[in-house]
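Student: Protein chains in written order, with our numbering: chain G, 5 to 262; chain B, 64 to 334. Note that CB positions come from ideal geometry on N, CA and C, so glycine has one too.
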């Protein structure tokens, strides 16, 4: 039992250290890398533009449900006018950064892990190494830089769509005055809430993209599977770990900032 | 084993060992590669030829042994020395290893863009010239998956030579190609080796083509180099392993004839 615990603790410590080095190396390698801007634009397209539909759909339905549930609960206490406060603070403080991050992980993070895994399997990464190119600068840095830009923007977009969904439920479907809803939103959200929301978005973006890249990049290291199965296992691992980390980091950041 | 004098050696491999778990792949491999020559490493499938080439390229780290390049020992932990080696060496992968998400032109430009400070305009000119030389200019905006196997091989060669390397390592450059394309690839290697003057190390099991194209051949068998010398010396060798490999075509004809006569032929030892 002790041996089992010790072995796994050491393996986890090694992997955490390796992950930290991988992420640090990816950022430092970006300095002076040629045509980095072009690769960042492509990564922004993959993480940003291609994820817009899913953010739009999930954000809208999240707002619709919040509006519906919130209206009926608040109406029981004669406080339906606070619906804008409920929807906006729930979205800005918690749901928008968490759900946007999970959606981007599902769409772009899984694709990133699979792409890197296939590149590893087909020796494309070895080819970059043998030609003396910095693999981190070419493959990983643009994705991390793009995440720092995309996640806050997607989170803001999710929030706006969610607020619109809350408005549709509360004021279009149900009986709340539009002015009451929007003025409650305006009064409820403070700069500190927005700052907290953006900090979460940046942290989630950095962690999830780094985790997905790390798992795809090291697909060949898996002992339990090889080839296509290793790519699939690495992709699954990347998505599961990223999702857990998003929720754990959300709790940690909320505890620190509240 | 006949080898060139060590003072003229561009690449000098001594007693390289590599094992994966219990499986000993390389058990003390030596190879001497003179400057400006084409040296082909022959051997049956699964004898560790690709692993050996990957040890030379630094993709796989040998367990022990020494690899000297241009008179300097290549230490896996010496990043500066390794970087210098990579700058002067190119590697042509068996499956080409072209980056499939960028175009042919971008693939050829990649090593120059990522490892040099050459201006973009000059990089483009050099890449177009390399593509022109390999008859790929009109396919420059296509992705690797849109090219035939032969074109992909030529594209990989264009990427390998665009940096004007001094040493090119070819891992099974004719794998999966028909005889005509196989000949074309060997002709291409010899032509560009003469044109650019690089030293080439090939790994293959295509015996006739290798003997025709190489200055020296070496035979890797069961983890060690059983022979190194000129093609003429290879043809004259009485070493049993060399003879078995050299006479494999005749042996095949005899085996097939025996099987057709209904006789029992044991080929399992060769697999």
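Nearest-angstrom Cα distance between residue 252(G) and residue 157(G)?
Tutor: If you take the alpha carbons of residue 252(G) and residue 157(G), they lie about 22 Å apart.
Student: Taking all protein chains shown into account, do 16 or more other C-beta atoms lie within 10 angstroms of the C-beta of residue 174(G), making it buried, or fewer, making it exposed?
Tutor: With 16 or more other Cβ atoms within 10 Å, it is buried.
Student: Within its chain, find whatever has a CB closer than 8 Å to the CB of residue 166(B); leave out the 5 residues flanking it on each side and keep chain order.
Tutor: The answer, listed in chain order, is 203, 204, 205 and 206.
Student: For residue 96(B), does the count of other Cβ atoms within 10 angstroms reach 16, so buried, or fall short, so exposed?
Tutor: Residue 96(B) should be labelled buried.
Student: So, is the C-beta of residue 267(B) closer than 8 Å to a C-beta in chain G?
Tutor: Judged by the 8 Å Cβ criterion, residue 267(B) is not in contact with chain G.
Student: Where DSSP assigns a beta bridge to residue 75(B), which residues make up the other side?
Tutor: DSSP lists 95(B) and 131(B) as partners of residue 75(B).
Student: Along the chain, where does the alpha helix (DSSP H) that runs through residue 197(G) open and close?
Tutor: Segment 195-221, the alpha helix (DSSP H) holding residue 197(G).
Student: Taking 8 Å as the threshold, find out whether the stretch 60-73 of chain G comes into contact with the stretch 164-174 of chain G through three or more Cβ pairs.
Tutor: At 8 Å Cβ cutoff, the stretches touch.
Student: In angstroms with no decimal places, state the Cα-to-Cα distance between residue 98(G) and residue 165(G).
Tutor: Taking the straight line joining both Cα atoms gives about 15 Å.
Student: Distance check for residue 29(G) and residue 23(G), CA to CA, integer angstroms please.
Tutor: Taking the straight line joining both Cα atoms gives about 10 Å.
Student: Are the stretch 224-243 of chain B and the stretch 154-171 of chain B in contact at 8 Å, needing three or more beta carbon pairs?
Tutor: With a cut-off of 8 Å, the stretch 154-171 of chain B and the stretch 224-243 of chain B count as touching, because enough Cβ pairs lie within range.
Student: Shorter than 8 Å from the beta carbon of residue 156(B) to some beta carbon of chain G?
Tutor: Yes, because at least one Cβ of chain G sits closer than 8 Å to the Cβ of residue 156(B).
Student: So what's residue 86(B) in DSSP terms, helix, strand or just coil?
Tutor: Residue 86(B): strand per DSSP, three-state reduction.
Student: Applying the criterion that 16 or more other CB atoms from any shown protein chain within 10 Å of the CB defines a buried residue, is residue 130(G) buried or exposed?
Tutor: With 16 or more other Cβ atoms within 10 Å, it is buried.
Student: Verify the CB distance criterion: does residue 111(G) have a CB-CB separation below 8 Å to chain B?
Tutor: False, the Cβ-Cβ gap to chain B never drops below 8 Å.
Student: Using a Cβ-Cβ cut-off of 6 Å (strictly less than) and excluding sequence neighbours within five positions of residue 224(G), which residues of its own chain qualify?
Tutor: Cβ neighbours of residue 224(G) beyond the five flanking positions: 124.
Student: Return helix, strand or coil for residue 233(G), following the three-state DSSP convention.
Tutor: Of the three classes helix, strand and coil, the one that applies to residue 233(G) here is helix, per DSSP.
Student: Listing by chain order, which chain G residues have their CB less than 8 Å from the CB of residue 174(B)?
Tutor: Result: 135, 136 and 137.
Student: Residue 13(G) by DSSP, collapsed to three states: which one?
Tutor: Helix at residue 13(G).
Student: With a threshold of 16 other CB atoms inside 10 Å of the CB of residue 113(B), please say whether the residue is buried or exposed.
Tutor: Classification of residue 113(B): buried, given that the 10 Å Cβ count is 16 or more.
Student: Got a sec, what are the start and stop residues for the alpha helix (DSSP H) residue 88(G) sits in?
Tutor: From DSSP, the alpha helix (DSSP H) with residue 88(G) extends over 87-94.
Student: With DSSP as the reference, please indicate the residues paired to residue 155(B) in a beta bridge.
Tutor: Paired residue(s): 233(B).
Student: Considering residue 113(B), what are the terminal residues of the beta strand (DSSP E) in which it resides?
Tutor: Taken as a continuous stretch (DSSP letters only), residue 113(B) belongs to no beta strand (DSSP E), being part of the alpha helix (DSSP H) at 112-120.
Student: Which runs of the alpha helix (DSSP H) at least 4 residues long sit entirely within the stretch 91-177 of chain G? Give them in chain order.
Tutor: If we require 4 residues or more, the alpha helix (DSSP H) runs fully inside the stretch 91-177 of chain G come out as 100-108, 114-125, 128-134 and 145-171.
Student: Going by the CB atoms, is the gap between residue 243(B) and residue 217(B) shorter than 8 Å?
Tutor: For residue 217(B) and residue 243(B), no; Cβs fall outside 8 Å.
Student: Does DSSP classify residue 81(B) as helix, strand or coil?
Tutor: In the structure shown, residue 81(B) sits in a strand (DSSP, three-state: E or B).
Student: For residue 122(B), which residues in chain G fall below 9 Å Cβ to Cβ?
Tutor: Neighbours of residue 122(B) on chain G, chain order: 127, 130, 133 and 134.
Student: Counting contacts by CB-CB distance shorter than 8 Å, is residue 227(G) in contact with chain B?
Tutor: Cβ-Cβ to chain B under 8 Å: no for residue 227(G).
Student: Whole angstroms are fine: how far does the CA of residue 118(G) sit from the CA of residue 306(B)?
Tutor: Each residue's alpha carbon lies about 47 Å from the other.
Student: Which stretch, first to last residue, makes up the alpha helix (DSSP H) that contains residue 2(G)?
Tutor: Summary: the structure shown does not reach residue 2(G), with chain G confined to residues 5 through 262, and so no result is reported for it.
Student: Please list, in chain order, all residues of the same chain as residue 241(G) whose beta carbon is under 7 Å from its beta carbon, the five residues on each side excluded.
Tutor: Excluding residues within five positions, the ones whose Cβ falls inside 7 Å are 219.
Student: Distance cutoff 8 Å, beta carbons only. Does residue 162(B) sit that close to anything in chain G?
Tutor: Taking Cβ atoms only, chain G reaches closer than 8 Å to residue 162(B), which makes this a yes.
Student: Ordered along the chain, which non-local residues of its own chain (more than five positions away) have a Cβ less than 6 Å from that of residue 50(G)?
Tutor: Taken in chain order, the residues that qualify are 112.
Student: With burial defined as no fewer than 16 other Cβ atoms inside 10 Å of the residue's Cβ, what is the status of residue 76(B): buried or exposed?
Tutor: Under this definition residue 76(B) is a buried residue.
Student: Give me the subset of the stretch 28-45 of chain G whose CB atoms are less than 7 Å from a CB atom of chain B, sorted by chain position.
Tutor: Those residues of the stretch 28-45 of chain G that come within reach of chain B (Cβ to Cβ, closer than 7 Å) are 38 and 39.
Student: What does DSSP give as the partner residue(s) for residue 104(B) in the beta ladder?
Tutor: Answer by DSSP bridge pairing, in chain order: 266(B) and 281(B).
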